[in-house]
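Engineer: Here it is, the structure in full.
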Amino acid sequence: MIVGEVVGSLWATRKDKKLNGLTFLVIKPNSYGNPVQHDYFVAADNAGAGIGDTVLVTRGGAARKSLAAADVPVDAVIVGIVDSLELAHR
Amino acid sequence: MIVGEVVGSLWATRKDKKLNGLTFLVIKPNSYGNPVQHDYFVAADNAGAGIGDTVLVTRGGAARKSLAAADVPVDAVIVGIVDSLELAHR
Amino acid sequence: MIVGEVVGSLWATRKDKKLNGLTFLVIKPNSYGNPVQHDYFVAADNAGAGIGDTVLVTRGGAARKSLAAADVPVDAVIVGIVDSLELAHR
Amino acid sequence: MIVGEVVGSLWATRKDKKLNGLTFLVIKPNSYGNPVQHDYFVAADNAGAGIGDTVLVTRGGAARKSLAAADVPVDAVIVGIVDSLELAHR
Amino acid sequence: MIVGEVVGSLWATRKDKKLNGLTFLVIKPNSYGNPVQHDYFVAADNAGAGIGDTVLVTRGGAARKSLAAADVPVDAVIVGIVDSLELAHR
Numbered sequence: 006m007i008v009g010e011v012v013g014s015l016w017a018t019r020k021d022k023k024l025n026g027l028t029f030l031v032i033k034p035n036s037y038g039n040p041v042q043h044d045y046f047v048a049a050d051n052a053g054a055g056i057g058d059t060v061l062v063t064r065g066g067a068a069r070k071s072l073a074a075a076d077v078p079v080d081a082v083i084v085g086i087v088d089s090l091e092l093a094h095r
Numbered sequence: 006m007i008v009g010e011v012v013g014s015l016w017a018t019r020k021d022k023k024l025n026g027l028t029f030l031v032i033k034p035n036s037y038g039n040p041v042q043h044d045y046f047v048a049a050d051n052a053g054a055g056i057g058d059t060v061l062v063t064r065g066g067a068a069r070k071s072l073a074a075a076d077v078p079v080d081a082v083i084v085g086i087v088d089s090l091e092l093a094h095r
Numbered sequence: 006m007i008v009g010e011v012v013g014s015l016w017a018t019r020k021d022k023k024l025n026g027l028t029f030l031v032i033k034p035n036s037y038g039n040p041v042q043h044d045y046f047v048a049a050d051n052a053g054a055g056i057g058d059t060v061l062v063t064r065g066g067a068a069r070k071s072l073a074a075a076d077v078p079v080d081a082v083i084v085g086i087v088d089s090l091e092l093a094h095r
Numbered sequence: 006m007i008v009g010e011v012v013g014s015l016w017a018t019r020k021d022k023k024l025n026g027l028t029f030l031v032i033k034p035n036s037y038g039n040p041v042q043h044d045y046f047v048a049a050d051n052a053g054a055g056i057g058d059t060v061l062v063t064r065g066g067a068a069r070k071s072l073a074a075a076d077v078p079v080d081a082v083i084v085g086i087v088d089s090l091e092l093a094h095r
Numbered sequence: 006m007i008v009g010e011v012v013g014s015l016w017a018t019r020k021d022k023k024l025n026g027l028t029f030l031v032i033k034p035n036s037y038g039n040p041v042q043h044d045y046f047v048a049a050d051n052a053g054a055g056i057g058d059t060v061l062v063t064r065g066g067a068a069r070k071s072l073a074a075a076d077v078p079v080d081a082v083i084v085g086i087v088d089s090l091e092l093a094h095r
């Protein structure tokens, strides 16, 4: 999984009906001090996240396991709000 | 998922029959101001997208969940047309 | 999916028996004018492609959907020969 | 799979209930002397790993195969503690 | 799939029991003359490969299709030993 910050949101009225009711948030991956910033991406929210929250995101086929329905076409889901991230050495 | 712009289209007459009827569009990923441009890729359209549209694309095994048949060999599908993308800070 | 050019072929006599009968081709991903060239990779051919052809390649679990058997250990399959690729703006 | 070092841990009280009981550790991928450091990521622990351990991590859909339940939304799991890593030439 | 050279091996005594009996080898991806070297990774061996061999590796969910059991948590498997790799132009 990856840790990231919620930095935006996305609206799409014309979309696959299976996506109805989901909130789509823009995620900025945590770079852990690395100067190369990874690209932002979009995740469906399943943790009640908001702008500025640090979140845990699961990607790939595993992401759908967090949703009630198995046939939702999403490849990234916010599965938790991160309370703290402790690094032993950087 | 990722957000991108539809910048082209692709034609292939000799192809897996399971791909018949699908439209294949070339996607330029949104770089969110990042100078490193990610590579373009091709997605099957399931949202009625056209050139210049900003779209939401699901990739991997989840992409097929947007199509009627489960055995279509596509790894990226346009699942929505983006109306607006709001970023809190960049 | 990605578009690439067939630039080579690979021979392997000692291999998983489930791969017997498949042709493995080396793919150079289309860089769309991007100076950073992505790495070549190998795909099983399911479209009758040859050296120099521009092809459409599906990767990941979706790739196996193009083959007759579901248990073939391949993660990339050529699913079509590209006739034309039109870009609106680069 | 990839080899990495456990360099941190993550706490999240508000999360998908299917994640309860799992420990989430931050992994620094082994760069094998390559100056380009890959981004850290988070993996669920299934090997009793601790800070400073060198671990073997499985990612993608295969990661869930290491857990008792098939529907846990994780995309990376620590499947072993590495005792030694021998390289023939670098 | 990708082509790589076997450059090392890995030992892990404390690991998921489903991994027992597998040999884990370190793979250096073939760079095809590209100066940017991709990161080494670890694959389970299913082709009797040894140090110095050029091998064909399948990754992702397809990798498990090469093993006898479907629930082994590996995301990369050596599925063949490459006899020759012919490139038309570089």
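Protein chains in written order, with the working numbering: chain A, 6 to 95; chain B, 6 to 95; chain C, 6 to 95; chain D, 6 to 95; chain E, 6 to 95. Idealized CB from N, CA, C, for every residue including glycine.
Three-state secondary structure (DSSP) at residue 17(C)?
Structural biologist: Indexing the third sequence from 1 puts residue 17(C) at position 12. If DSSP states are grouped into helix, strand and coil, residue 17(C) belongs with coil.
Engineer: Can you pull the chain D residues whose beta carbon is under 8 Å from the beta carbon of residue 24(E), in chain order?
Structural biologist: By 1-based counting over the fifth sequence, the position of residue 24(E) is 19. Within chain D, the residues near residue 24(E) are 84 and 85.
Engineer: What did DSSP end up calling residue 36(D) once you bin it into helix, strand or coil?
Structural biologist: Residue numbering aside, residue 36(D) sits at position 31 when the fourth sequence is read from its first letter. Three-state DSSP puts residue 36(D) in coil, outside helix and strand.
Engineer: What does the alpha-carbon distance come out to for the pair residue 8(A) and residue 79(D)?
Structural biologist: Against the first sequence, residue 8(A) aligns to sequence position 3. Against the fourth sequence, residue 79(D) aligns to sequence position 74. Taking the straight line joining both Cα atoms gives about 13 Å.
Engineer: Tell me, please, whether the CB atom of residue 50(E) is closer than 8 Å to any CB atom in chain D?
Structural biologist: Here residue 50(E) is taken as the residue at index 45 of the fifth sequence, counted from 1. For residue 50(E), the answer is no, since every Cβ of chain D falls outside 8 Å of its Cβ.
Engineer: For residue 41(B), is the classification buried or exposed, using 16 other Cβ atoms within 10 angstroms of its Cβ as the cut-off for buried?
Structural biologist: Residue 41(B) sits at position 36 when you count from the first residue of the second sequence. Exposed: under 16 other Cβ atoms inside 10 Å.
Engineer: According to the Cβ coordinates, are residue 52(E) and residue 84(E) closer than 8 Å?
Structural biologist: For the purposes of this step, residue 52(E) is taken as the residue at position 47 of the fifth sequence. For the purposes of this step, residue 84(E) is taken as the residue at position 79 of the fifth sequence. A contact, by the Cβ cut-off of 8 Å.
Engineer: Rounded to a whole number of angstroms, what is the C-alpha to C-alpha distance between residue 62(A) and residue 6(A)?
Structural biologist: Counting from one through the first sequence, the residue named residue 62(A) turns up at place 57. Counting from one through the first sequence, the residue named residue 6(A) turns up at place 1. Using only the alpha carbons, I get a separation of about 6 Å.
Engineer: Report all residues from its chain with a CB closer than 8 Å to the CB of residue 14(C); omit the five preceding and five following residues, and keep chain order.
Structural biologist: Working through the third sequence from its first residue, we reach residue 14(C) at position 9. Here the set comprises 28, 29, 30, 31 and 56.
Engineer: Please confirm if residue 70(E) has its CB atom under 8 Å from at least one CB of chain C.
Structural biologist: Here residue 70(E) refers to the residue found at position 65 when the fifth sequence is read from its first residue. At least one chain C Cβ lies under 8 Å of residue 70(E).
Engineer: Does any heavy atom of the ligand PLP sit closer than 7 Å to the C-beta of residue 22(E)?
Structural biologist: Summarising the ligand content, the structure contains no ligands, and the ligand PLP is consequently not present.
Engineer: Can you confirm whether residue 15(D), when its beta carbon is compared against all beta carbons of chain A, has any partner nearer than 8 Å?
Structural biologist: For the purposes of this step, residue 15(D) is identified with residue 10 of the fourth sequence, where counting begins at 1. Yes - at least one Cβ of chain A is within 8 Å of the one on residue 15(D).
Engineer: The beta strand (DSSP E) that contains residue 76(B), what's its start and end?
Structural biologist: Here residue 76(B) refers to the residue found at position 71 of the second sequence. Where residue 76(B) is concerned, there is no enclosing beta strand (DSSP E), given that its DSSP letter is neither H nor E.
Engineer: Measuring only the C-alpha atoms, how far is residue 17(B) from residue 91(C)?
Structural biologist: Taking the second sequence and counting its residues from 1, the one referred to as residue 17(B) is at position 12. Taking the third sequence and counting its residues from 1, the one referred to as residue 91(C) is at position 86. Answer to the nearest angstrom: the Cα atoms are 12 Å apart.
Engineer: Please report the straight-line C-alpha distance between residue 22(C) and residue 22(A), rounded to a whole angstrom.
Structural biologist: Working through the third sequence from its first residue, we reach residue 22(C) at position 17. Working through the first sequence from its first residue, we reach residue 22(A) at position 17. Using only the alpha carbons, I get a separation of about 42 Å.
Engineer: Which bits of chain A does residue 78(D) rub up against, with CB to CB less than 7 Å?
Structural biologist: Here the question's residue 78(D) lines up with position 73 in the fourth sequence. The contacting residues are 63, 67, 68, 70, 71, 82 and 84.
Engineer: Between residue 33(A) and the rest of its own chain, which residues show a CB-CB distance below 7 Å, the 5 nearest in sequence each way excluded?
Structural biologist: Locating residue 33(A) in the first sequence gives position 28, counting from the first residue. Same-chain partners within the cutoff: 9, 10, 12 and 45.
Engineer: By Cβ distance below 7 Å, which residues in the same chain neighbour residue 68(D) in space, the five residues on each side in sequence not counted?
Structural biologist: For the purposes of this step, residue 68(D) is taken as the residue at position 63 of the fourth sequence. Hits under 7 Å: 79, 80, 81 and 82.
Engineer: If the cut is a Cβ gap below 8 Å, which residues of chain A does residue 47(B) touch?
Structural biologist: Within the second sequence, the letter at position 42 stands for residue 47(B). Residues of chain A passing the Cβ test: none, with the nearest at roughly 16 Å.
Engineer: Only counting the same chain, and skipping five residues up and downstream in sequence, which positions put a Cβ closer than 7 Å to that of residue 87(B)?
Structural biologist: Taking the first residue of the second sequence as 1, we reach residue 87(B) at position 82. The residues are 8, 59, 60 and 61.
Engineer: Expressed to the nearest angstrom, what Euclidean distance is found between the alpha-carbon atoms of residue 26(D) and residue 73(D)?
Structural biologist: For the purposes of this step, residue 26(D) is taken as the residue at position 21 of the fourth sequence. For the purposes of this step, residue 73(D) is taken as the residue at position 68 of the fourth sequence. Cα to Cα, the separation comes out at about 12 Å.
Engineer: Is the shortest distance between the beta-carbon of residue 74(B) and the beta-carbons of chain A less than 8 Å?
Structural biologist: The count along the second sequence starts at 1 and reaches residue 74(B) at position 69. No, its Cβ sits nowhere closer than 8 Å to a Cβ of chain A.
Engineer: Any Cβ of chain A within less than 8 Å of the Cβ of residue 53(B)?
Structural biologist: Locating residue 53(B) in the second sequence gives position 48, where the first residue counts as 1. So, interface residue.
Engineer: On the criterion of 16 or more Cβ atoms from any shown chain inside 10 Å, does residue 65(D) qualify as buried, or is it exposed?
Structural biologist: Against the fourth sequence, residue 65(D) aligns to sequence position 60. Answer is buried; the Cβ neighbour count reaches 16.
Engineer: Name the DSSP bridge partner or partners of residue 48(C)?
Structural biologist: Taking the first residue of the third sequence as 1, we reach residue 48(C) at position 43. DSSP output for residue 48(C) lists 30(C) as bridge partner(s).
Engineer: Considering just the uninterrupted stretch of the beta strand (DSSP E) at residue 92(E), what are its terminal residues?
Structural biologist: Reading the fifth sequence from its first residue, position 87 is the one you call residue 92(E). First-last of the beta strand (DSSP E) with residue 92(E): 89 to 92.
Engineer: Relative to the alpha-carbon of residue 54(B), which residue among 89(A), 20(A) and 93(A) has its alpha-carbon at the smallest distance?
Structural biologist: Locating residue 54(B) in the second sequence gives position 49, where the first residue counts as 1. Checking every option, the nearest Cα to that of residue 54(B) belongs to 20(A).
Engineer: Which bits of chain B does residue 56(A) rub up against, with CB to CB less than 8 Å?
Structural biologist: For this step, residue 56(A) is matched to residue 51 along the first sequence. Result: 93.
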